[in-house]
Amino acid sequence: MELLHCLLPSLHLLQLNSYELLPGEHRLTLNLTSTQTQAACPICGQPSHRIHSRYERTLTDLPCVAFSLTLVVRVCKFFCSNTQCHRRIFTERLPEVVAPWARKTVRFIQRLQSIGLALGGASGARLSDYLGIAICGSTLLNQLAKLKLPAFETPKILGVDDFA
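In our numbering, the protein residues as written are 4 to 167.
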């Protein structure tokens, strides 16, 4: 069980409840619960500790020793304490683990973006398949489109080549 704790994306935000290992399907599923007792509203920033309900999010994570790793995370919905806020109920955020509404963990998306930057679509998909990640080339390119462009300085002097 201690080994499985090392597979978690964030030890202080998630608690491992149980796991399911399916050797025939090469799949490992970790059932996790969020350890946060309060969360801030994403609109007004008001912290709240009043829980509305709980639900499960299923996330794809990095493969582990030829096993696909799935995280089933139980998170809370909270009531917003601010009466002026438009959002009455909100879901707790786990920014170190997963982006809002995402189905892949942050570290898995970073790996896909690295593969996409290095190899592109089709060849990146072939390498991903070899690494145990079933993904198509267009998905890799979609992940690249989500990257922010690096900051660069605008040139002050621009030379023109007469023979170009």
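Glycine included, every Cβ here is placed at the ideal spot set by N, Cα and C.
Neighbourhood of residue i by C-beta distance below 7 Å, restricted to the same chain and skipping five residues each side
i, result
"Q18", "L35, T36, T38"
"C44", "S51, C83, N85, C88, R90, F93"
"I46", "C88, H89, R90"
Unbroken alpha helix (DSSP H) run spanning residue i, endpoints
i, result
"R96", "No alpha helix (DSSP H) holds R96; DSSP gives it neither H nor E."
"V109", "109 to 122"
Identity of the residue in the options nearest residue i by Cα
i, options, result
"T32", "H8, A42, Q49", "H8"
"L25", "C67, I46, T142, E95", "C67"
"L11", "R110, S131, F155", "R110"
"R147", "I160, L161, I46, S117", "In the sequence as presented, Arg is not what sits at residue 147; that position holds Leu. Selected option, being the one with the closest Cα: S117."
"L120", "R106, A137, R96, K149", "K149"
"S21", "C139, E5, R96, S71", "E5"
"T73", "V163, H29, G48, A154", "H29"
"H3", "E95, G48, K159, A69", "Missing from the structure shown is residue 3; the chain here goes from 4 to 167 and no further."
"L134", "P158, K159, E23, A69", "A69"
"I138", "T157, I112, P158, I160", "I112"
Own chain, CB closer than 8 Å to residue i, minus 5 neighbours either side, in chain order
i, result
"R57", "R77, V78, C79, K80"
"T40", "H52"
"H15", "T38"
"T108", "P12, L62, T63, D64, L65, L74, V100, V101"
Terminal residues of the beta strand (DSSP E) in which residue i lies
i, result
"I54", "54 to 67"
"E5", "That residue, E5, is in no beta strand (DSSP E); its alpha helix (DSSP H) goes 5 to 8."
"T32", "30 to 37"
"N20", "17 to 25"
Expected contact under 8 Å - CB spacing of residue i and residue j to nearest Å
i, j, result
"R114", "L65", "6 Å"
"G123", "S141", "Going by Cβ atoms, the distance from G123 to S141 rounds to 11 Å, so no, they are not a contact pair."
"T63", "V75", "Actually they do not touch by this definition, with Cβ atoms about 11 Å apart."
Nonlocal neighbours in the same chain, by C-beta distance under 6 Å from residue i, ignoring five residues either side
i, result
"S71", "R30"
"L97", "L16"
"E59", "V75, R77"
Checklist entry - Is it a yes or a no for the segment 128 to 139 touching the segment 97 to 109, going by three-plus beta-carbon pairs under 8 Å? => result no
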